[in-house]
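Here's the structure, in C-alpha coordinates; my notes come after.
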Amino acid sequence: MQRITRMFEVIQLLRAARGPVSAQALGETLEVSKRTIYRDVAALQAMRVPIEGEAGVGYVMRRGYDLPPLNFDLEEIEALRVGLMMLGRTGDGSLKRAASRIIQKIDALQAEEPRLHVSPCGAPPDDPAKGCVSVAMLRDAIRSAQKLELTYRDEGGEETRRVVRPVAVIYHLECVMIAAWCELRNGFRHFRTDRIWGCEVLEEGFQDQAEMLHALWSEQETSLVTQNWVRA
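Numbered continuously in this note's numbering, the sequence shown closes out at residue 243.
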(Lines of atoms letter the chains of each structure in order from A; the text may use other names.)
(Lines give C-alpha, C1' and ligand atoms only; values in the text may rest on other atoms or scores of the structure.)
Protein backbone atom coordinates (compact mmCIF):
# COMPACT_ATOMS: atom_id res chain seq x y z
CA MET A 12 0.00 0.00 0.00
CA GLN A 13 1.45 3.39 -0.99
CA ARG A 14 2.05 5.88 1.81
CA ILE A 15 -0.48 8.45 0.57
CA THR A 16 -3.14 5.72 0.38
CA ARG A 17 -2.27 4.51 3.88
CA MET A 18 -2.47 8.04 5.29
CA PHE A 19 -5.91 8.44 3.73
CA GLU A 20 -6.91 5.15 5.39
CA VAL A 21 -5.68 6.42 8.77
CA ILE A 22 -7.93 9.49 8.40
CA GLN A 23 -10.92 7.35 7.46
CA LEU A 24 -10.38 4.88 10.31
CA LEU A 25 -10.14 7.67 12.88
CA ARG A 26 -13.21 9.42 11.47
CA ALA A 27 -15.22 6.21 11.75
CA ALA A 28 -13.99 5.32 15.26
CA ARG A 29 -16.23 5.87 18.27
CA GLY A 30 -13.25 6.37 20.58
CA PRO A 31 -9.45 6.56 20.67
CA VAL A 32 -7.59 4.12 18.41
CA SER A 33 -4.10 2.95 19.34
CA ALA A 34 -1.17 2.92 16.95
CA GLN A 35 -1.03 -0.85 17.48
CA ALA A 36 -4.63 -1.27 16.32
CA LEU A 37 -4.10 1.00 13.31
CA GLY A 38 -0.95 -0.89 12.39
CA GLU A 39 -2.68 -4.27 12.59
CA THR A 40 -5.56 -3.05 10.41
CA LEU A 41 -3.24 -1.56 7.79
CA GLU A 42 -0.62 -4.33 8.13
CA VAL A 43 2.26 -2.01 9.06
CA SER A 44 4.34 -1.41 12.18
CA LYS A 45 3.53 1.00 15.01
CA ARG A 46 6.58 3.05 14.00
CA THR A 47 5.09 3.51 10.51
CA ILE A 48 1.81 4.70 12.06
CA TYR A 49 3.71 7.18 14.28
CA ARG A 50 5.43 8.64 11.19
CA ASP A 51 2.18 8.80 9.18
CA VAL A 52 0.29 10.52 11.98
CA ALA A 53 3.13 13.01 12.50
CA ALA A 54 3.05 13.82 8.78
CA LEU A 55 -0.73 14.29 8.86
CA GLN A 56 -0.48 16.54 11.90
CA ALA A 57 2.18 18.60 10.08
CA MET A 58 -0.39 19.06 7.29
CA ARG A 59 -2.85 20.42 9.92
CA VAL A 60 -5.08 17.35 9.96
CA PRO A 61 -6.70 17.61 13.44
CA ILE A 62 -5.48 14.32 14.93
CA GLU A 63 -4.89 14.33 18.66
CA GLY A 64 -3.14 11.59 20.61
CA GLU A 65 -1.94 10.68 24.04
CA ALA A 66 0.50 7.95 25.04
CA GLY A 67 -1.33 4.87 26.27
CA VAL A 68 -4.70 6.19 25.10
CA GLY A 69 -4.62 6.40 21.32
CA TYR A 70 -5.49 8.77 18.52
CA VAL A 71 -8.74 10.63 17.92
CA MET A 72 -9.92 12.90 15.11
CA ARG A 73 -11.38 16.21 16.23
CA ARG A 74 -15.01 16.62 15.21
CA GLY A 75 -15.73 18.74 12.17
CA TYR A 76 -12.93 17.44 9.94
CA ASP A 77 -14.21 15.88 6.76
CA LEU A 78 -13.18 14.90 3.25
CA PRO A 79 -15.18 15.73 0.11
CA PRO A 80 -18.16 13.35 0.16
CA LEU A 81 -19.16 10.84 -2.46
CA ASN A 82 -22.90 10.84 -2.93
CA PHE A 83 -24.59 7.49 -3.57
CA ASP A 84 -28.29 6.75 -3.71
CA LEU A 85 -29.76 3.86 -1.67
CA GLU A 86 -29.54 1.30 -4.46
CA GLU A 87 -25.94 2.26 -5.20
CA ILE A 88 -25.09 1.77 -1.50
CA GLU A 89 -26.74 -1.66 -1.56
CA ALA A 90 -24.82 -2.57 -4.72
CA LEU A 91 -21.59 -1.58 -2.99
CA ARG A 92 -22.42 -3.65 0.10
CA VAL A 93 -23.26 -6.79 -1.88
CA GLY A 94 -20.25 -6.41 -4.17
CA LEU A 95 -17.91 -5.89 -1.23
CA MET A 96 -19.35 -8.85 0.68
CA MET A 97 -18.93 -11.06 -2.40
CA LEU A 98 -15.20 -10.33 -2.35
CA GLY A 99 -15.09 -12.71 0.60
CA ARG A 100 -15.99 -15.53 -1.80
CA THR A 101 -12.93 -14.94 -3.99
CA GLY A 102 -10.51 -16.36 -1.42
CA ASP A 103 -8.30 -13.28 -1.88
CA GLY A 104 -7.53 -12.41 1.74
CA SER A 105 -6.03 -9.01 0.96
CA LEU A 106 -9.08 -7.86 -1.01
CA LYS A 107 -11.40 -9.28 1.66
CA ARG A 108 -9.69 -7.18 4.34
CA ALA A 109 -9.85 -4.10 2.10
CA ALA A 110 -13.57 -4.73 1.49
CA SER A 111 -14.17 -5.00 5.24
CA ARG A 112 -12.52 -1.61 5.78
CA ILE A 113 -14.69 -0.01 3.08
CA ILE A 114 -17.88 -1.50 4.59
CA GLN A 115 -16.88 -0.02 7.97
CA LYS A 116 -16.60 3.39 6.32
CA ILE A 117 -20.03 3.00 4.71
CA ASP A 118 -21.49 1.91 8.06
CA ALA A 119 -20.02 5.04 9.68
CA LEU A 120 -22.13 7.17 7.32
CA GLN A 121 -25.15 4.91 6.78
CA ALA A 122 -27.04 2.54 9.05
CA GLU A 123 -26.01 -1.10 8.77
CA GLU A 124 -28.14 -3.16 6.37
CA PRO A 125 -29.11 -6.46 8.08
CA ARG A 126 -31.26 -7.71 5.18
CA LEU A 127 -28.44 -8.18 2.68
CA HIS A 128 -26.51 -11.43 2.97
CA VAL A 129 -23.97 -13.19 0.75
CA SER A 130 -23.17 -16.87 1.09
CA PRO A 131 -19.60 -17.39 2.39
CA CYS A 132 -19.11 -20.44 0.14
CA GLY A 133 -16.65 -19.88 -2.66
CA ALA A 134 -12.98 -20.20 -3.51
CA PRO A 135 -10.72 -21.46 -0.69
CA PRO A 136 -8.86 -18.75 1.28
CA ASP A 137 -5.32 -18.01 0.10
CA ASP A 138 -3.79 -18.91 3.45
CA PRO A 139 0.03 -19.09 3.14
CA ALA A 140 0.12 -21.15 6.36
CA LYS A 141 -1.66 -23.91 4.42
CA GLY A 142 0.74 -23.74 1.49
CA CYS A 143 -1.37 -21.43 -0.67
CA VAL A 144 0.17 -18.63 -2.70
CA SER A 145 -1.04 -15.14 -1.78
CA VAL A 146 -3.24 -13.71 -4.54
CA ALA A 147 -2.10 -10.25 -3.43
CA MET A 148 1.46 -11.21 -4.39
CA LEU A 149 0.25 -12.32 -7.83
CA ARG A 150 -1.67 -9.06 -8.26
CA ASP A 151 1.47 -7.10 -7.34
CA ALA A 152 3.47 -9.00 -9.98
CA ILE A 153 0.82 -8.19 -12.61
CA ARG A 154 0.79 -4.53 -11.59
CA SER A 155 4.59 -4.24 -11.74
CA ALA A 156 4.94 -6.56 -14.79
CA GLN A 157 7.39 -8.93 -13.09
CA LYS A 158 7.98 -12.48 -14.30
CA LEU A 159 7.07 -15.36 -11.98
CA GLU A 160 8.53 -18.83 -11.65
CA LEU A 161 5.70 -21.18 -10.70
CA THR A 162 5.65 -24.71 -9.37
CA TYR A 163 2.31 -25.90 -10.72
CA ARG A 164 0.34 -29.14 -10.34
CA ASP A 165 -2.40 -29.82 -12.84
CA GLU A 166 -5.67 -31.66 -12.17
CA GLY A 167 -3.91 -35.02 -12.58
CA GLY A 168 -1.18 -34.11 -10.10
CA GLU A 169 1.58 -33.67 -12.70
CA GLU A 170 4.04 -31.04 -11.50
CA THR A 171 5.86 -28.58 -13.77
CA ARG A 172 8.02 -25.51 -13.24
CA ARG A 173 7.24 -22.59 -15.51
CA VAL A 174 8.36 -19.02 -16.01
CA VAL A 175 5.33 -16.89 -16.83
CA ARG A 176 4.42 -13.27 -17.56
CA PRO A 177 1.17 -12.66 -15.61
CA VAL A 178 -1.41 -10.38 -17.24
CA ALA A 179 -4.70 -10.76 -15.32
CA VAL A 180 -6.47 -12.23 -12.28
CA ILE A 181 -9.79 -13.98 -12.96
CA TYR A 182 -12.18 -14.56 -10.06
CA HIS A 183 -14.55 -17.53 -10.42
CA LEU A 184 -17.00 -18.66 -7.75
CA GLU A 185 -15.05 -21.85 -7.03
CA CYS A 186 -11.48 -20.69 -7.68
CA VAL A 187 -9.14 -17.85 -8.62
CA MET A 188 -7.00 -18.03 -11.74
CA ILE A 189 -4.18 -16.00 -13.19
CA ALA A 190 -3.81 -15.56 -16.92
CA ALA A 191 -0.21 -15.48 -18.10
CA TRP A 192 2.05 -15.91 -21.09
CA CYS A 193 3.77 -19.23 -20.40
CA GLU A 194 7.34 -19.44 -21.68
CA LEU A 195 7.25 -23.26 -21.47
CA ARG A 196 4.18 -23.54 -23.74
CA ASN A 197 4.88 -20.34 -25.70
CA GLY A 198 1.28 -19.19 -25.34
CA PHE A 199 -1.35 -17.94 -22.92
CA ARG A 200 -2.36 -20.30 -20.13
CA HIS A 201 -4.63 -20.07 -17.09
CA PHE A 202 -3.35 -21.27 -13.70
CA ARG A 203 -5.56 -21.99 -10.69
CA THR A 204 -4.00 -20.31 -7.66
CA ASP A 205 -4.86 -23.27 -5.42
CA ARG A 206 -2.67 -25.47 -7.64
CA ILE A 207 0.36 -23.18 -7.46
CA TRP A 208 2.60 -24.89 -4.92
CA GLY A 209 5.47 -22.47 -5.20
CA CYS A 210 5.95 -18.98 -6.60
CA GLU A 211 9.04 -16.81 -6.91
CA VAL A 212 8.99 -13.24 -8.19
CA LEU A 213 11.92 -12.90 -10.57
CA GLU A 214 14.05 -9.80 -10.98
CA GLU A 215 13.40 -9.81 -14.72
CA GLY A 216 10.38 -7.78 -15.75
CA PHE A 217 8.41 -7.35 -18.96
CA GLN A 218 7.21 -3.78 -18.57
CA ASP A 219 7.69 -3.01 -22.25
CA GLN A 220 5.42 -5.93 -23.22
CA ALA A 221 2.76 -5.77 -20.48
CA GLU A 222 0.14 -3.68 -22.31
CA MET A 223 0.57 -5.63 -25.55
CA LEU A 224 0.27 -9.01 -23.81
CA HIS A 225 -2.85 -7.91 -21.92
CA ALA A 226 -4.43 -6.63 -25.14
CA LEU A 227 -3.65 -9.91 -26.96
CA TRP A 228 -5.04 -11.97 -24.08
CA SER A 229 -8.23 -9.83 -23.92
CA GLU A 230 -8.73 -10.23 -27.66
CA GLN A 231 -8.29 -14.00 -27.39
CA GLU A 232 -10.75 -14.24 -24.48
CA THR A 233 -13.34 -12.13 -26.32
CA SER A 234 -13.01 -14.38 -29.36
CA LEU A 235 -13.52 -17.54 -27.25
CA VAL A 236 -16.59 -16.08 -25.53
CA THR A 237 -18.09 -15.10 -28.89
CA GLN A 238 -17.49 -18.61 -30.27
CA ASN A 239 -19.21 -20.14 -27.22
CA TRP A 240 -22.23 -17.87 -27.70
CA VAL A 241 -22.49 -18.92 -31.34
CA ARG A 242 -22.33 -22.62 -30.41
CA ALA A 243 -24.99 -22.16 -27.74
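C-beta atoms are modelled at their ideal positions from N, C-alpha and C, and glycine is treated no differently.
| task | Measure the CB-CB distance between Glu63 and Met72 and report whether it falls below 9 Å. | result | yes
| said: Quick check: Val175 and Trp192, are their CB atoms within less than 9 Å of each other? | reply: yes
| field | DSSP state of Thr101 mapped onto helix, strand, coil | value | coil
| said: Buried or exposed for Val52, going by 16 or more other Cβ atoms inside 10 Å? | reply: buried
| Three-way DSSP call (helix, strand, coil) for Leu213 in this model | strand
| Cα-Cα separation, Leu25 to Arg14 | 17 Å
| Going by the CB atoms, is the gap between Asp103 and Val187 shorter than 9 Å? | yes
| query | Around the C-beta of Met18, are 16 or more other C-beta atoms found within 10 angstroms, so that it is buried, or is it exposed? | reply | buried
| If we count the other Cβ atoms within 10 Å of its Cβ and call it buried at 16 or more, is Ala140 buried or exposed? | exposed
| message | Distance cutoff 9 Å, beta carbons only. Does Val60 sit that close to anything in chain B? | response | Here there is only one protein chain, and chain B is not present.
| Phe19, enclosing alpha helix (DSSP H) - first and last residue | 14 to 27
| request: Mind reading off the beta-carbon distance from Arg173 to Tyr182? Whole number of angstroms is fine, and I expect it under 8 Å. | output: No, Arg173 and Tyr182 are not in contact; Cβ-Cβ is about 22 Å, not under 8 Å.
| request: Go through its chain and collect everything with a Cβ distance to Val68's Cβ below 6 Å, but skip five positions before and after it. | output: Pro31
| said: Going by DSSP in three states, Arg73 sits in which element: helix, strand or coil? | reply: coil
| task | Note down, one range per segment and in chain order, each beta strand (DSSP E) of at least 3 residues found wholly within the segment 39 to 66. | result | 62 to 65
| field | Rounded straight-line distance, which links the Cα of Asp84 to that of Gln23 | value | 21 Å
| Own chain partners of Arg150 with C-beta closer than 7 Å, once the 5 adjacent residues on each side are dropped | Val180
| Check whether Lys45 and Ala28 have beta carbons under 9 Å apart | no
| request: Identify every residue that forms a DSSP beta bridge with Thr162. | output: Arg172, Gly209
| Neighbour-count burial assignment, Arg59, 16 or more Cβ in a 10 Å radius | exposed
| task | Determine the extent of the beta strand (DSSP E) in which Ala191 is found, giving its start and end residues. | result | 187 to 193
| task | Could you round the C-beta distance between Val178 and Leu213 to whole angstroms and report it? I think they count as a contact, below 8 Å. | result | Not quite, the Cβ-Cβ distance comes to about 15 Å (not below 8 Å), so this is no contact.
| request: Return helix, strand or coil for Gln157, following the three-state DSSP convention. | output: strand
| query | Can you tell me the Cα-Cα spacing of Ala57 and Arg50, whole angstroms? | reply | 11 Å
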